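Structure, as structure tokens:
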């Protein structure tokens, strides 16, 4: 395997860093093994040849793990948990499993499941291996809910605090779109699949409002008929299903980013 073809737009070496960039990942540690090269063929002799390298002055994997900057935890945004797994204990309760993205979650909080009219109290919060009275952003939590039917909720729904500015369903929204690779020019009405964390929903790009310079952020052209590969534009987007989306805010960019794909991933 050579470097040039592997970093082409259709290979994983290109796709994975691009996904990391969309989700605002700023630090990546690369581990490279050369024992799978055809000239080496996973031989044991090669393993011992590289076991002692007095010339190497860089950090070890252990050292790199200590140098990673700890991201700021978003305590200043209302509660939001994207439901990943729904577990039903027949006759007892419904358990929702998901990652706590923002704020501290407290047992007994009156909560609502967005995309439904359900408001209920959280009976207990679990974080492996036991129960907790509260959790912090980044925890994968399990919530026990009463009076919720599994037929009323879906794994793409959002779990929120019913009293603190909960996120709302969006029938339409404006978004900044950067086209990385397109098979052809993107006409108005183009409907790729948007990946909003756990939601995978086709959305129509009804109107390309303006084209933006990628360096200066200045508007170059208004009311575009289409956008092409490499363009950065503000577009008016209509989801085919109701989704929960939040306004792009600093410093918590990763909560408001999404990925678009249609046969190929390209934005």
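Residue numbers (this note's numbering): 63 to 329.
C-beta: ideal position from N, C-alpha, C; glycine also.
Fair warning: this is a prediction, and the values are worked out from it, not measured in the lab.
Would you identify the three-state DSSP class for residue i, choosing helix, strand or coil?
| i | result |
| --- | --- |
| residue 258 | strand |
| residue 76 | helix |
| residue 233 | coil |
| residue 213 | helix |
| residue 284 | strand |
| residue 81 | helix |
| residue 124 | helix |
| residue 129 | helix |
| residue 165 | With a pLDDT of 45 at residue 165, under the threshold of 50, the modelled position of that residue is not reliable, and the figure given next carries that caveat. Note: residue 165 maps to coil in three-state DSSP. |
| residue 295 | strand |
| residue 253 | coil |
| residue 314 | Low confidence applies here, because residue 314 scores a pLDDT of 44, under 50, leaving its location unreliable and the question unanswered by this model. |
Within the same chain, show all residues whose beta-carbon is closer than 8 angstroms to that of residue i, passing over the 5 residues directly before and after it, in chain order.
| i | result |
| --- | --- |
| residue 232 | 301, 304, 305, 306 and 307 |
| residue 79 | 90 |
| residue 110 | none |
Measuring alpha carbon to alpha carbon, tell me which of the options ends up nearest residue i.
| i | options | result |
| --- | --- | --- |
| residue 143 | 286, 273, 258 and 294 | 258 |
| residue 135 | 199, 237, 263 and 270 | 199 |
| residue 273 | 262, 264, 287 and 265 | 287 |
| residue 92 | 127, 267 and 238 | 127 |
| residue 285 | 270, 275, 122 and 76 | 270 |
| residue 275 | 266, 294 and 261 | 294 |
| residue 268 | 254, 281, 280 and 87 | 254 |
Could you tell me how far apart the beta carbons of residue i and residue j are, in whole angstroms, since I believe they sit closer than 8 angstroms?
| i | j | result |
| --- | --- | --- |
| residue 296 | residue 236 | 6 angstroms |
| residue 263 | residue 256 | 6 angstroms |
| residue 234 | residue 299 | 7 angstroms |
What does a CB cutoff of less than 7 angstroms around residue i pick up in its chain, not counting 5 residues either side in sequence?
| i | result |
| --- | --- |
| residue 130 | 89 |
| residue 313 | Confidence at residue 313 is low in this model, with a pLDDT of 46, below 50, so the placement of that residue is unreliable and no value is reported for it. |
| residue 82 | 90 |
| residue 74 | none |
| residue 325 | Unreliable placement is indicated for residue 325, whose pLDDT of 46 sits below 50; no coordinate value is reported for it. |
Please find out if some non-hydrogen atom of the ligand PLP comes closer than 8 angstroms to the beta-carbon of residue i.
| i | result |
| --- | --- |
| residue 279 | Although the ligand PLP was asked about, the structure shown includes no ligands whatsoever. |
Once you ignore the five residues that flank residue i on each side, which residues in its own chain have a CB closer than 6 angstroms to its CB?
| i | result |
| --- | --- |
| residue 265 | 256, 299 and 301 |
| residue 283 | 273 |
| residue 124 | none |
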